[in-house]
Structures are given as C-alpha cells and as structure tokens.
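In this note's numbering, the protein residues as written are 240 to 432. Note that the Cβ used here is the ideal one computed from N, Cα and C, for glycine as well.
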Ligand SMILES: [Zn+2]
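Written as structure tokens, this is what we have:
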C-alpha cells in the first residue's frame, strides 16, 4: 500500500476522542527522535513511530494487538514519481524466517507486518499528522481466518478516486457518498471536536 498525499498544512484537522495530544506527547517523552539522517544508511529504526503504534493499536486497531509490527524509516520513499509518506506491507513466512523475528520478538508474537516511513516527510509533519499517518497505515493491516489459520492481509482504501472525477460526476458510487457523508458531518460539527 503506497500512500502519496500532499504535505499542505491542514486546517480543520482534529484529535479523535480516543487519542489525546497529551497522551501522545507523554508516549514520546522518553523516545529518541532521529534529527539527522546518518550517512550511507538506507533504513533506520523508527522508535518514535513504534511508540505511536503502541499507543494507537490498543485504542483503534484492537485486532492487531499481540501481532508484531516492525516500524522502520527509509530516508526517501517514492511512488509513481511522488513522495510516498509511508508504505504498509505484510511479511511473508520467508521474510519472518530471514529476519529471525520469530525468535527475537517471541514475547510480541511473530512479526506480521512492516511499516516503512519516509523519514524526509515524517520529520516535517506535525504531531497530529504523524498520528493520523500511523492510524492510516495500521488500517491497511488486516487479519483473516483462512483454513483455521490467521492470515495477514492488506486492506485497500475505501475510496480510490480522482478529485476531478468527483467534481464532474458527484456521488457516482457508494464509496464516494460514504466519504461525502463523513465530510458533511465534520462541516456540520456533528463529529466531536
Ligand atoms: Zn493508504
């Protein structure tokens, strides 16, 4: 799942009732942030992204509780020529074996997913945007019962659409009307601020 969103400052963004700015600030208080990208390295540990994941999973993505997720930075990420903010992916059985994560992270359960975050984008985001991005990427991570086993699956976006198509054709399919209804609730102030 590749996410390329534009990094315009947002007005009208809001903290959800489940995640407060105070809780996020506390969760990050002892976590080292990577201020500069080290020379000659492509990937790097992302302990602050991991801390946000640890805060957000039990509140908003309970199905992922106890299923390992690895959080890493990559210096740059792009998709079709635009910077991608992050990429969520699932680990294959081969990946898990090669990484040795089943042994290293036995207490967390085998790692099923990988969240790769574009460091260049990440360090320019505000705290709310960082949380929303982690929440968004976690929403791509699904688990499905298959032959009595839990399989890792990637969940696509509810709405994959071009802005000019919606401007031209309006609510031409259900996903558009659902997104439109969510936006309208925000504008009417029906969603808790
Ligand atoms: Zn996405």
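| Item | Value |
| --- | --- |
| Proximity of residue 366 and residue 288 at Cβ, strictly below 9 Å | no |
| Residues bridged to residue 284 [DSSP beta-bridge criterion] | 311 |
| Rounded separation between residue 258 and residue 300 - CA only | 12 Å |
| DSSP three-state assignment for residue 297, whether helix, strand or coil | helix |
| Spatial distance of residue 352 from residue 389 (CA atoms) | 13 Å |
| Nonlocal neighbours in the same chain, by C-beta distance under 8 Å from residue 329, ignoring five residues either side | 351, 352, 353, 380, 391, 392, 393 |
| Residue 414 beta carbon near ligand 1 (any heavy atom closer than 8 Å) | no |
| Exposed unless 16 or more other CB atoms sit within 10 angstroms - verdict on residue 324 | buried |
| Residue ranges of each alpha helix (DSSP H) within the stretch 352-432, 4 or longer | 358-361, 366-377, 402-408, 413-426 |
| Residue range of the unbroken alpha helix (DSSP H) whose run includes residue 266 | 260-267 |
| Heavy atom of ligand 3 within 8 Å of residue 302 beta-carbon | Because ligand 3 does not appear in the structure shown, any question about it cannot be addressed here, the ligands present being ligand 1. |
| Nearest-angstrom beta carbon gap, residue 397 and residue 418 [assumed within contact, 8 Å] | 7 Å |
| N-terminal and C-terminal residue of the beta strand (DSSP E) that residue 327 is part of | 325-329 |
| Cβ neighbours of residue 291 in the same chain (closer than 8 Å, five flanking residues each side left out) | 263, 266, 267, 369, 370, 373 |
| Residue 321 - partner residues in DSSP beta bridges | 318 |
| Sequence-distant residues of the same chain with beta carbon closer than 7 Å to residue 272, five excluded per side | 287 |
| Three-way DSSP call (helix, strand, coil) for residue 290 in this model | helix |
| Cβ neighbour criterion (16 or more within 10 Å) applied to residue 250 | exposed |
| For residue 350: DSSP bridge partner residues | 307 |
| Residue 273, DSSP secondary structure in three states | coil |
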